[in-house]
Structure formats: structure tokens, C-alpha cells
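Trainee: Sequential numbering from 0 applies to the sequence shown in numbering that gives the first Met the number 0.
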Amino acid sequence: MSVILGINAYHGDSSAALVRDGRLVAAVEEERFRRIKHWAGLPIEAIRYCLREAGMEMRDLEHVAINLNPRVNNVRRALYLLTRRPDLQLILNRLKKRTQTRSLEDSLRAAFPGGAMRAKVHYVEHHLAHLASSYLCSPFPDAVNVSVDGFGDFASVAWGRGRGQDLRVEGRVYFPHSLGIFYSALTQYLGFPHFGDEYKVMGLAPYGQPLFLQQLRQVVRCQPDGGFELELKYFRHHRENVHYTWNDCSPEVGPLFTPALEQLLGPARSGSDPLLQRHKDLARSIQGMYEEAFFNLLNALHKKYGGERLTLSGGCAMNSVANGKVQIETPFRRVYIQSAAGDAGGAIGAALIVAQKFPVAPVATQTTGGEPAMVGRFRMDHAYWGPAYADTEIAALLRARGFSVPNVAAENLAPSTARAETAATVPASSVGALVDPTDFQLTDFRSCPDDLCRETARAISEGLVVGWFQGRLEWGPRALGNRSIVCDPRRADMKDILNQKIKRRESFRPFAPSILREQVGEWFETDADVPFMMQVFQFRAEKRPLLPAVCHVDGSGRLQTVDRASNPLYYDLINAFREITGVPMVLNTSFNENEPVVCRPEEALDCFLRTKMDLLVLGSFLIRRRSR
Ligand SMILES: [Fe+2]
Numbered sequence: 000m001s002v003i004l005g006i007n008a009y010h011g012d013s014s015a016a017l018v019r020d021g022r023l024v025a026a027v028e029e030e031r032f033r034r035i036k037h038w039a040g041l042p043i044e045a046i047r048y049c050l051r052e053a054g055m056e057m058r059d060l061e062h063v064a065i066n067l068n069p070r071v072n073n074v075r076r077a078l079y080l081l082t083r084r085p086d087l088q089l090i091l092n093r094l095k096k097r098t099q100t101r102s103l104e105d106s107l108r109a110a111f112p113g114g115a116m117r118a119k120v121h122y123v124e125h126h127l128a129h130l131a132s133s134y135l136c137s138p139f140p141d142a143v144n145v146s147v148d149g150f151g152d153f154a155s156v157a158w159g160r161g162r163g164q165d166l167r168v169e170g171r172v173y174f175p176h177s178l179g180i181f182y183s184a185l186t187q188y189l190g191f192p193h194f195g196d197e198y199k200v201m202g203l204a205p206y207g208q209p210l211f212l213q214q215l216r217q218v219v220r221c222q223p224d225g226g227f228e229l230e231l232k233y234f235r236h237h238r239e240n241v242h243y244t245w246n247d248c249s250p251e252v253g254p255l256f257t258p259a260l261e262q263l264l265g266p267a268r269s270g271s272d273p274l275l276q277r278h279k280d281l282a283r284s285i286q287g288m289y290e291e292a293f294f295n296l297l298n299a300l301h302k303k304y305g306g307e308r309l310t311l312s313g314g315c316a317m318n319s320v321a322n323g324k325v326q327i328e329t330p331f332r333r334v335y336i337q338s339a340a341g342d343a344g345g346a347i348g349a350a351l352i353v354a355q356k357f358p359v360a361p362v363a364t365q366t367t368g369g370e371p372a373m374v375g376r377f378r379m380d381h382a383y384w385g386p387a388y389a390d391t392e393i394a395a396l397l398r399a400r401g402f403s404v405p406n407v408a409a410e411n412l413a414p415s416t417a418r419a420e421t422a423a424t425v426p427a428s429s430v431g432a433l434v435d436p437t438d439f440q441l442t443d444f445r446s447c448p449d450d451l452c453r454e455t456a457r458a459i460s461e462g463l464v465v466g467w468f469q470g471r472l473e474w475g476p477r478a479l480g481n482r483s484i485v486c487d488p489r490r491a492d493m494k495d496i497l498n499q500k501i502k503r504r505e506s507f508r509p510f511a512p513s514i515l516r517e518q519v520g521e522w523f524e525t526d527a528d529v530p531f532m533m534q535v536f537q538f539r540a541e542k543r544p545l546l547p548a549v550c551h552v553d554g555s556g557r558l559q560t561v562d563r564a565s566n567p568l569y570y571d572l573i574n575a576f577r578e579i580t581g582v583p584m585v586l587n588t589s590f591n592e593n594e595p596v597v598c599r600p601e602e603a604l605d606c607f608l609r610t611k612m613d614l615l616v617l618g619s620f621l622i623r624r625r626s627r
């Protein structure tokens, strides 16, 4: 047996994943346990969960893989230091990070005392881990693989052709040139200062015109070979010590742009300034410039390698708008992007690379989606790799909070539920304030699970805001039907209701639809499989007026395609909604207020009680807020 723990540590979205005999067993971001968005540091709680899921302890592990390798690209690093002479503090900070990464073994020993750690630590080049996180999880027997990022191991972009299990980095764009830095710097310039705010610029872009594209072509210069260069006078990251905080906290990044950018584009917006048409035009231009460079790269790679299959990874692979245009702007026809395409996903990529060094006998062949059979390759076709909670645990929590939950005779329960019925207790630390049970109506669907979806779908069709908590937590930033808030996509006022009751987010940001897989072609101008919400496509023109809550201003939607095999309960919920309304989709947004997506039932219950959510479905229990 080969068991490998992969980690993304000391970086945004720190995470852990466990791979056994080449197959993923568990994967989760640390932020879900620490309850701090994008938490960066050593992902101790995520590691603990992965080990628990595999029935192992730290001392049982033989291999740990991290998605950084301080030993690669050192000639490039040395040359840069000699020729560009950056700020001394910048050099010292980089050295500190290398030391931290190289002392990983000691840090793990300190975090997991009481047992000898035998595991050998493997350092996997950051971009190789990115490429592997998509290609080695894809259904493709061969593909062109591209990672587009901020920076990792002195490179911002990497690519390589994958054939079967064989995958290597065949080309890179090196520091200081980076599309990730370009997008982040311009996001800050537009007044969105937080780590991970780039998606706000993407959401704002359709409201503007690309009036600043000419100026931005002076900032990013596309090269005929597919590469690009930044005009460095507009950026600080290459010379100055930009403030980065990566340890035991939510990441923070200091200003990345220089005053020269304001001379080129006009004054930067501060977060409190109103959003003017100029800012919307700038957002559209930034997105346009990114797409120009991205497609220039992809087209050059297609010229070099050919083929129709492409996998994408790296932080910029979260740009679902650009991803949705790949089939229009390039000859690539099939695209795979896994649910945690950014740095979190590197934990899986690093583990899969190391797994190749310790092969086991080939496992069952997988043949789906018309792809040729592949022996021994793992295929990630769903995102449900995090913790799950049994109905018995949920019932115990509800009782501890004052709800009246009937004891159901064990013989009426499903076998797995019945087995755990008497064992569940709630840790004292999890018990919050008691509720007044007369404020709520609780219905127990444990003995009639088929009615749960019908009842919930009816509530959605009546315009209620529903928290939907089921099964294993999603891997990656998107809620995909297990930790989701679901609503009626047909209501023009649903976006405002949702923002007023829970989300309180910027009005320009769209909400996304989850749609039954077999209905995609009827509602969208595509029939692609998009299980992880990683591509935006256009709604068919005649359908747009029917779905005002999930159709963006430009007629697009960031869809999640839902098939029954991957998530039968969520599929049945949407199907029940279709039977009532004729519309095979629901609005799906993440189950949270302004925090990481909820992980445990306690957090879901607290979010429900804290906000004005109308209905909460926790496993088999439906809780309706009574109107007074
Ligand atoms: Fe990365």
C-alpha cells in the first residue's frame, strides 16, 4: 500500500490531501476548520482530518509531499539577484520562506507530538504540482497542461504535454513577469485590497467597455512565442519588499503597483469611493488584457503541441470567464479544471507526483465520457472530499440547542445511520445558545427521505432562501450542492433578497446556477460538462428573461452541471424543482455569511440563526423559521 499526504503550506489556501494507492481519499482547506478565509500556514487541522478519514496516524505515514521545491530554478534566481539587485529585505524574506519550507519535517514533528514521524518529505516544484493537480485528476489520456499563477518557485506560468502517467514541465515564464501579479495589482488599483478579491473585477467587467485596453498593452506585452512581459516600472514586487503575510493568518499583500500606473490610467480608486463607469471600463479592460495574454499563450502552445485536450491550473485558472472562452478563442475543444484549481489543489498535485514514484498494481480501469480507457489513473469527477456528519450527530446537536428531535426506532433508519444512532454526542465546545423551539418548525425526514427533496423544492419555488447542508464538504472554493444556499433563479428580486438576508455583497456580483446535466444544451450555448463551476457560458437568448437571478448583465452564467452519479440528493432536489416549475436549475451560492464556507453542522445552524435565512436543511432535518 502506498499512502501519501500532500500539503500546500505557508501560502494562501493552505490545505491537505491524502492519496492512497494512487486514489484520493480526502482533501480539505485549512480555512474550513480555522474559520479564517484563505488561511495560510501549516495546515495542521486539515492534516488531522485527512489522517482520521484514512484511519491513520502521523506515525503511519511514509511520505509527505509539499508543492514547493526551493532547489529548482536556482540559476535563474542567482542571475536575477546579480543583474537586478532587488531590495535586501526582499532577498531576506525569500530566504526565510525557503528555510521555513525546508524545515517542514521539524514543524510536522512539533505539531504532531507523541509519536515518531517516519515519513520522508518530498519537495515538488510548485508548477509541476499545479499541472498534476489538473492533468492527473482529468479523464484525459493525453493533454496540453498549463498552469497560470502569481508566483511559485520563481515561475508564474508553466506548461507541458501529458501522456498517460507521464507529465513534466517543458516551459516556464519566470519571475518577475506574471499575469497573476498583473491581475492582483490592478485589482488593488480598483479599490479591492483583500487577498482573493480578483473575482470582483471579473464580476464588474461586463458592466464596462474595454476603453483602457491600449494603455494596458503597455503594461503587459504579449510575445509572438506565446510568452509575455510586464512593463516593470508599473510594479513593485520585483525590486521592493512588498509586504506579504503568509503564516498563521489570513494572507495579506501590500501594494503591488507604483505611482507610474496612476500616471498611465488616472488616480487609483480607494475602497470607499463610489464605483463609476470609468472603474467598470477599467475592469473590462483588465479582464480583456488578461484574456489577450492568456489566449496568446494557449494558441502558441496549441501550435507547438496540437491536440484538442487542455487542462488548466494555478490561481488564474479560477478566472472562469476566460476559461469559458477557450473553445471560442483557441483550437482546444475539451477543457478540464479541477475544483481547487489554485494553490490548495497543489496538495493533491504534489501527492500524485510522489505517488508515481511508488506505484501499486493497476486498479480498475475507468472509462467514462467516451474517453479511451486508462489503467491506474485517478479521475476526479466530483468535489466531495471533506468531512461528513451523520444524522445522529446532527440530531444530537439539535437536541443540545433546544430543538425537539424525536428518537426514531433504529429499525426505521438506514443501516449507516442506525449504527451510529446511540453513539453521537456533541462536544461541549460546540453547544451554543439555546433556541426557543416555538420560533421554528422542525420536520424529521429520516424515515421518509424521498419527501425531503420535494418539500425543499416547494419552499424554493415559493421564494424562500434555503440553507442546504448534506454529505461531504466540497474541496475548493465553490459550494457545489453540499454546503450551499439555494434559491429560485426565476425571481428578479432574488439577488436583492439574498443580499439583504444573508450575503450583503456588492450588487454587481452575479449568483450562479446549478443545472441538471442533461438539460445544459437546452438552456446554454454549450453542452459542456462543468461540474466545478470553473467556466462561464452564455445562456441561450430566449432563456435569459426566465432566469433574472442567475443571468449576468452580459447574458452569461457560471454554471455547475449536476449529474445524478456524482450527487444524487442534489440532483433529486433540482429535479424536484424542475417538476414543480419546469426550470431544471436552482440558484446556488456558498453556505456562509462573510466567512469561509460552513464545514460542521454547528456552523450551518449558527449561520441560519444569525441571518434571516428562511429554511435550513441539515441532513434529514428541515427547520423552518416561523413568521411572527
Ligand atoms: Fe500557485
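Ideal placement from N, C-alpha and C gives every residue a C-beta, glycine not left out.
Output the distance between the C-alpha atoms of Thr437 and Ile501, rounded to the nearest integer angstrom.
Mentor: As a first step, residue 437 is located in the sequence shown; it is residue number 438 there, counting from the start. As a first step, residue 501 is located in the sequence shown; it is residue number 502 there, counting from the start. Roughly 23 Å between the two C-alpha positions.
Trainee: Tell me whether His129, by its Cβ, gets closer than 7 Å to a heavy atom of ligand 1.
Mentor: Position 130 of the sequence shown, counted from the start, is the residue given in the question as residue 129. Under cutoff, so the answer is yes.
Trainee: For Ser106 and Leu127, what's the separation of their Cα atoms in angstroms?
Mentor: Position 107 of the sequence shown holds residue 106. Position 128 of the sequence shown holds residue 127. Distance between the alpha carbons of Ser106 and Leu127 is about 24 Å.
Trainee: May I ask you to report which of helix, strand or coil DSSP gives Ser133?
Mentor: To locate residue 133, count along the sequence shown from 1; it is residue 134. Here Ser133 sits in helix by DSSP.
Trainee: From the DSSP output, in three-state form, read off Thr416 for me.
Mentor: Your numbering for residue 416 matches position 417 in the sequence shown. Low confidence applies here, because Thr416 scores a pLDDT of 43, under 50, leaving its location unreliable; read the following figure in that light. Residue state, collapsed to three classes: helix.
Trainee: Whose C-alpha, out of Arg283, Phe153, Tyr383 and Leu497, is nearest the C-alpha of Pro476?
Mentor: The residue labelled residue 476 in the question sits at position 477 within the sequence shown. Closest option to Pro476, Cα to Cα, is Tyr383.
Trainee: What are the start and end residues of the alpha helix (DSSP H) that includes Met493?
Mentor: In the sequence shown, counting from the first residue as 1, residue 493 sits at position 494. Unbroken alpha helix (DSSP H) run through Met493: Met493 to Leu497.
Trainee: Keeping to the same chain, check which residues put their C-beta closer than 7 Å to that of Gly314; ignore five residues upstream and five downstream.
Mentor: As a first step, residue 314 is located in the sequence shown; it is residue number 315 there, counting from the start. Closer than 7 Å at the Cβ level, and outside the excluded window around Gly314, lie Asp148, Gly149, Gly179, Gly341 and Asp342.
Trainee: Does DSSP put Tyr173 in a helix, in a strand, or in coil?
Mentor: Taking the sequence shown and counting its residues from 1, one reaches residue 173 at position 174. Residue state, collapsed to three classes: strand.
Trainee: Rounded to a whole number of angstroms, what is the C-alpha to C-alpha distance between Leu463 and Leu433?
Mentor: Taking the sequence shown and counting its residues from 1, the one referred to as residue 463 is at position 464. Taking the sequence shown and counting its residues from 1, the one referred to as residue 433 is at position 434. Spanning the two alpha carbons is a distance of roughly 24 Å.
Trainee: Give every residue of the same chain whose Cβ lies closer than 6 Å to the Cβ of Leu451, excluding the five residues on either side of it in the sequence, and list them in chain order.
Mentor: In the sequence shown, the residue the question calls residue 451 occupies position 452. Around Leu451: Phe444.
Trainee: If you compare alpha carbons, which of Gly554, Phe402 and Thr391 is closest to Phe439?
Mentor: Counting from 1 along the sequence shown, the entry for residue 439 is found at position 440. When each option's Cα is compared against that of Phe439, the closest is Phe402.
Trainee: Per DSSP, which residues does Gly159 bridge with? Please list them.
Mentor: Position 160 of the sequence shown, counted from the first residue, corresponds to residue 159. In the DSSP output, where bridge partners are listed per residue, Gly159 has Asn144.
Trainee: Is Val561 helix, strand or coil when you go by DSSP?
Mentor: Counting from one through the sequence shown, the residue named residue 561 turns up at place 562. Strand at Val561.
Trainee: May I have the straight-line CA-CA distance separating Leu60 from Thr244, to the nearest angstrom?
Mentor: The residue you call residue 60 lines up with position 61 of the sequence shown. The residue you call residue 244 lines up with position 245 of the sequence shown. Leu60 and Thr244: Cα-Cα distance of roughly 30 Å.
Trainee: Who are the Cβ neighbours of Val71 in its own chain at under 7 Å, not counting the five residues just before and after it?
Mentor: As a working mapping, residue 71 is identified with position 72 in the sequence shown. So the list reads Glu124 and Asp152, once near-sequence residues are dropped.
Trainee: Cβ of Asp12 versus every heavy atom of ligand 1: is any distance shorter than 7 Å?
Mentor: To locate residue 12, count along the sequence shown from 1; it is residue 13. The answer is no for Asp12.
Trainee: Mapping DSSP to helix, strand and coil, what is Thr588?
Mentor: Within the sequence shown, residue 588 is the residue found at index 589, counting from 1. Thr588 falls in the strand class under three-state DSSP.
Trainee: Roughly how many angstroms lie between the CA atoms of Asp141 and Leu135, to the nearest whole one?
Mentor: Residue numbering aside, residue 141 sits at position 142 when the sequence shown is read from its first letter. Residue numbering aside, residue 135 sits at position 136 when the sequence shown is read from its first letter. Their backbone Cα atoms lie some 10 Å apart in a straight line.
Trainee: What I want to know is whether the C-beta of His125 ends up closer than 7 Å to one or more non-hydrogen atoms of ligand 1.
Mentor: The count along the sequence shown starts at 1 and reaches residue 125 at position 126. Yes, the beta carbon of His125 sits closer than 7 Å to at least one heavy atom of ligand 1.
Trainee: Taking 7 Å as the cut-off, is the beta-carbon of Gly313 closer than that to any non-hydrogen atom of ligand 1?
Mentor: Counting from one through the sequence shown, the residue named residue 313 turns up at place 314. Result yes, Cβ under 7 Å from ligand 1.
Trainee: By the 10 Å Cβ neighbour count, where 16 or more other Cβ atoms means buried, how is Lys36 classified, buried or exposed?
Mentor: By 1-based counting over the sequence shown, the position of residue 36 is 37. Buried, since its Cβ has 16 or more Cβ neighbours within 10 Å.
Trainee: Quick check: is any heavy atom of ligand 1 less than 7 Å from the C-beta of Asp152?
Mentor: Against the sequence shown, residue 152 aligns to sequence position 153. No.
Trainee: Return the CA-CA distance between Cys486 and Pro223, expressed in angstroms with no decimal places.
Mentor: Residue numbering aside, residue 486 sits at position 487 when the sequence shown is read from its first letter. Residue numbering aside, residue 223 sits at position 224 when the sequence shown is read from its first letter. So the two alpha carbons sit approximately 47 Å from each other.
Trainee: Can you give me the start and stop residues for the alpha helix (DSSP H) that Cys452 sits inside?
Mentor: Taking the sequence shown and counting its residues from 1, the one referred to as residue 452 is at position 453. Asp449 to Ser460 is the span of the alpha helix (DSSP H), which, as asked, contains Cys452.
Trainee: Closest to Ser284 by CA distance: which of Phe357, Ser249 and Leu210 is it?
Mentor: Taking the first residue of the sequence shown as 1, we reach residue 284 at position 285. Among Phe357, Ser249 and Leu210, the Cα nearest to that of Ser284 belongs to Leu210.
Trainee: Under three-state DSSP, which class holds Pro209?
Mentor: Walking along the sequence shown from the start, residue 209 turns up at place 210. Coil, per DSSP.
Trainee: Output the distance between the C-alpha atoms of Arg268 and Glu169, rounded to the nearest integer angstrom.
Mentor: Stepping through the sequence shown from its first residue, residue 268 is reached at position 269. Stepping through the sequence shown from its first residue, residue 169 is reached at position 170. Near 40 Å, if we compare the C-alpha coordinates of Glu169 and Arg268.
Trainee: Closest to Asp280 by CA distance: which of Lys324, Asn481, Glu239 and Gln214 is it?
Mentor: Working through the sequence shown from its first residue, we reach residue 280 at position 281. With distances taken between Cα atoms, Asp280 lies closest to Gln214.
Trainee: Mapping DSSP to helix, strand and coil, what is Tyr383?
Mentor: By one-based count along the sequence shown, residue 383 stands at place 384. Residue state, collapsed to three classes: strand.
Trainee: Ser626: buried (16+ other C-beta within 10 angstroms of its C-beta) or exposed?
Mentor: The residue labelled residue 626 in the question sits at position 627 within the sequence shown. Ser626 should be labelled exposed.
Trainee: Given the structure, does Gly287 come close to ligand 1, in the sense that its CB is under 7 Å from one of the ligand's heavy atoms?
Mentor: Translated into the one-based positions of the sequence shown, residue 287 becomes position 288. No; taking the cut-off as 7 Å, the Cβ of Gly287 has no heavy atom of ligand 1 nearer than that.
Trainee: In whole angstroms, what separates the C-alpha of Thr391 from that of Leu617?
Mentor: Position 392 of the sequence shown holds residue 391. Position 618 of the sequence shown holds residue 617. About 11 Å.
Trainee: Can you give me the C-alpha to C-alpha distance between Val156 and Ser132, rounded to a whole angstrom?
Mentor: In the sequence shown, the residue the question calls residue 156 occupies position 157. In the sequence shown, the residue the question calls residue 132 occupies position 133. Using only the alpha carbons, I get a separation of about 15 Å.
Trainee: Measure from the alpha carbon of Asn295 to the alpha carbon of each residue in Pro330, Glu307 and Leu275, then state which is nearest.
Mentor: Position 296 of the sequence shown, counted from the first residue, corresponds to residue 295. Checked all of Pro330, Glu307 and Leu275; the closest Cα to Asn295 is Pro330.
Trainee: Can you tell me whether DSSP reads Val464 as helix, strand or coil?
Mentor: In the sequence shown, counting from the first residue as 1, residue 464 sits at position 465. Three-state result, Val464: coil.
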